[in-house]
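Okay, structure first, notes after.
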Amino acid sequence: MKRKYFYNHSIWLLTCILLVSACKEDEYALPTLKPGLQNDAIKRTLGPNVAGLDIEFAYAMAIPDNEGRLTSARVEASIPGAVGTWLENNSYHTDGSGDDIPTQMGEPTSTSGAVSEMTFTRDTVASTLRYYYIIPDEARGQSVSFKFSATASNGQSVSFDMGPYKIAKMEMVRLLTAVNNAAAYISIADMTIYDAAGAAANPDKIDLVYLYRAAPASFAHALVSPAAEAQYLPGVTLPAGVNKSTRVRKAWAIKDFHLAQTEVGVYIDDLDFERLDVSTSPNFAINMKAESGAWVETADGQYRAYIYVNSVNNGGQSMTISMKRYSMN
Amino acid sequence: MEKYFKITLAILLLLTAGWSCSSDFPIDEDGLLITSRGQCYVSNFELLGSDFQTVRSKAPVIDTVAQTINVEVFFGTDLTNVYPQFSLVTDAKLDPKITGKVDMSDLANPRQWTVVSGNRQVRKDYTVNITIQP
């Protein structure tokens with residue numbers, strides 16, 4: 005009996021000791037500085053990568069003070085960026101208000117082909133440079149990778165690979181203005197809006213007609229196929245040959261950030277177009293409101309698009325739209 | 032003695048578990064309780080378009096005697112892709128179920144749904160008549 009009590013008490017005591025010792029906090033110690041030149045990178049942009057937009061990176065590099073100074077930074081893309089691609093010659097830090105404060109690190113950088121380079125003129129051991137890659141049209145549907153590298157005055161060099169990043173197949177155009185009885189003929193194929201003369205010259209490319217009618221009140225701003233019933237094209241005389249029937253499905257609360265530029269976190273991507281089914285949708289959409297949208301498929305099935313209504317103007321009888329388009333071929 | 036106590040406790044536990052699992056009401060083929068309620072009517076009706084916004088131009092008229100729902104929709108509404116929503120009396124259910132968009136474009140042949148009471152004894156067919164705003 006005594007032995008049993010001894011064991012029981014011992015187990016309880018050991019458990020208590022373990023609990024107390026497990027809860028003991030380690031004292032804070034300054035992290036040990038890694039020797040040699042170090043680097044790291046993050047991608048700052050979100051959402052699908054669309055041709056014409058940029059992919060922004062922040063590339064950080066540092067070396068211990070007693071080992072040397074930064075001498076150069078370099079980025080190489082697997083596909084040369086479009087005009088405007090550059091490695092910024094400023095390093096940023098954030099002030100107490102949360103604002104980015106630049107500090108110039110060198111002369112403006114040069115970009116040649118796929119390579120952007122900067123030589124440090126400031127005496128520095130740490131820097132974070134931003135790299136803006138403008139996605140070229142030829143990269144659509146492909147993947148692009150980046151190799152960031154830096155050198156130091158002691159001869160050391162480091163590199164950091166980012167990617168691959170898929171470049172969306174879709175294309176985009178923003179802030180086109182459609183005007184009732186004027187620039188009213190929307191072409192998905194050309195991603196533009198024609199007036200009557202332009203529509204007459206390109207009748208096979210006109211997919212939708214914009215019109216505004218104050219009555220009935222539920223008509224207002226509309227996107228109607230040229231082949232829609234006459235009741236949806238009141239008072240419209242179509243140019244010769246404009247006769248396509250385009251499927252349209254109204255949408256609400258799809259405020260794609262690229263198109264609306266107001267909401268963060270909502271993006272239309274290639275997958276949305278690939279899965280789109282408007283086979284049972286009508287060929288007109290009336291009473292379109294600001295911030296609404298329309299999923300569209302052209303009569304020949306070659307293109308699918310999302311038209312976002314940025315704004316409408318009842319007085320001016322106009323509508324400002326932005327469009328993402330996906331080619332099915 | 033201890034052995035008898037354990038056996039008794041186990042039997043009691045099993046009895047308690049069995050008793051607590053037994054239900055007061057039977058369950059139908061949809062896993063819903065069949066209750067004693069005999070009421071059977073539609074209390075409200077909504078019709079949403081493909082953009083999930085209402086397409087009604089005014090409040091629906093629900094006649095629980097004639098078992099009709101009259102709805103007027105906006106001019107230009109795409110009636111091939113609409114989402115009807117029924118609000119029913121407590122414990123009632125709808126047959127057939129609405130699982131997605133519905134084609135209600137055939138105005139000459141209005142769609143019908145059956146409301147089934149909570150006790151599953153009463154069935155009433157409701158006809159949804161749609162008119163388009165002039």
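Residue numbers (the numbering used here), protein chains in the order written: chain A, 5 to 333; chain B, 32 to 165. Heads up, the beta-carbon is just placed ideally off N, CA and C, and yes, glycines get one too.
Where does the unbroken beta strand (DSSP E) through residue i begin, and where does it stop?
i	result
A/Glu175	175 to 183
A/Phe261	Looking at the DSSP string, A/Phe261 is not in any beta strand (DSSP E); the run it does join, the alpha helix (DSSP H), is 261 to 264.
A/Asp104	104 to 108
A/Phe152	147 to 156
A/Glu60	58 to 66
A/Phe164	161 to 170
B/Asn160	154 to 163
A/Thr75	74 to 81
A/Thr44	Just to set this straight, residue 44 of chain A is Asp in the shown sequence, not Thr. Looking at the DSSP string, the run of the beta strand (DSSP E) that includes A/Asp44 is 42 to 47.
A/Ser191	189 to 191
Would you mind telling me which residues of chain A sit closer than 7 angstroms to residue i, beta carbon to beta carbon, in chain order?
i	result
B/Val116	Val is not the amino acid found at residue 116 of chain B; the sequence shown has Gln there. By Cβ distance, chain A contributes nothing, its closest Cβ being about 16 angstroms from B/Gln116, past 7 angstroms.
Residues of chain A with a CB under 8 angstroms from the CB of residue i: which are they?
i	result
B/Thr111	Thr284, Ser285, Pro286
B/Gln164	Pro220, Ser222
Where DSSP assigns a beta bridge to residue i, which residues make up the other side?
i	result
B/Phe185	The requested residue 185 of chain B does not occur in the structure, where chain B is confined to residues 32 to 165.
B/Met135	DSSP output for B/Met135 lists no bridge partner at all.
A/Trp90	A/Tyr136
A/Gly297	A/Ala255, A/Tyr312
A/Ala224	A/Arg217
B/Lys124	B/Val147
B/Arg142	B/Val159
A/Ile325	A/Leu180, A/Val313
A/Phe124	A/Gly110
A/Thr115	A/Ser120
A/Thr19	Its beta-bridge partners do not exist; DSSP assigns none.
A/Ser96	A quick correction: the sequence has Tyr, not Ser, at residue 96 of chain A. Its beta-bridge partners are A/Pro106.
B/Glu58	Reading the sequence as shown, one finds Ile at residue 58 of chain B and not Glu. Per DSSP, B/Leu64.
A/Tyr307	A/Ser331
A/Asn53	A/Ile171
A/Leu212	A/Ile190
A/Thr250	Beta-bridge pairing links A/Thr250 to no other residue.
A/Thr302	According to DSSP, A/Thr302 bridges with nothing at all.
B/Thr130	B/Thr130 is not bridged to any residue.
B/Thr39	Answer is none; B/Thr39 lacks a bridge partner.
Note down, in chain order, each residue of its chain lying with its Cβ closer than 7 angstroms to the Cβ of residue i, except the 5 sequence neighbours on either side.
i	result
A/Trp256	Ser296
A/Met174	Val54, Asp274, Phe277, Lys328, Arg329, Tyr330
B/Lys89	Glu103
B/Asp59	Ile65, Arg151
For residue i, which residues in the same chain have their Cβ closer than 6 angstroms to its Cβ, ignoring the five residues on either side in sequence?
i	result
B/Asn112	Ser81, Lys132
B/Tyr72	Thr95, Val120
A/Phe152	Ala45, Tyr63, Val79, Phe164
A/Lys209	Ser191, Ala193, Asp194
A/Thr123	Ser76, Gly110
A/Ser149	Ser82, Gly167, Pro168
A/Ile197	Leu180, Ala182, Ala187, Ile190
A/Gln321	Asn184, Tyr216
A/Phe61	Ala45, Lys47, Tyr135
A/Val177	Met195, Met327
A/Asp69	Val129
A/Val282	Arg251, Arg253, Trp299, Glu301
B/Pro141	Thr158, Val159, Asn160
Name, please, each residue of chain B whose Cβ falls closer than 8 angstroms to the Cβ of residue i.
i	result
A/Ala255	Ser81, Asp82
A/Phe223	Phe106, Gly107
A/Ser296	Asp82
A/Tyr236	Gly107
Taking the alpha helix (DSSP H) that residue i falls in, what are its first and last residues?
i	result
A/Ala201	200 to 205
A/Leu275	274 to 278
Which residues in chain B have a C-beta closer than 9 angstroms to the C-beta of residue i? List them in chain order.
i	result
A/Ile272	Chain B residues near A/Ile272: none, gap ~15 angstroms exceeds 9 angstroms.
Could you tell me which chain B residues have their CB closer than 7 angstroms to the CB of residue i, listed as they occur along the chain?
i	result
A/Asn291	Phe105, Gly107
Tell me which same chain residues have a C-beta within less than 8 angstroms of the C-beta of residue i, skipping the five on either side of it?
i	result
A/Ser315	Ala294, Met323, Thr324
A/Ala234	none
A/Ser131	Ala64, Met65, Ala66, Leu74, Ala77, Ser95, Met109, Phe124
A/Pro207	Pro243, Ala244, Gly245, Val246, Asn247
A/Thr266	Lys259
Legend entry - Continuous beta strand (DSSP E) assignments of at least 3 residues falling wholly in the segment 80 to 107 of chain B: 92 to 94, 99 to 104
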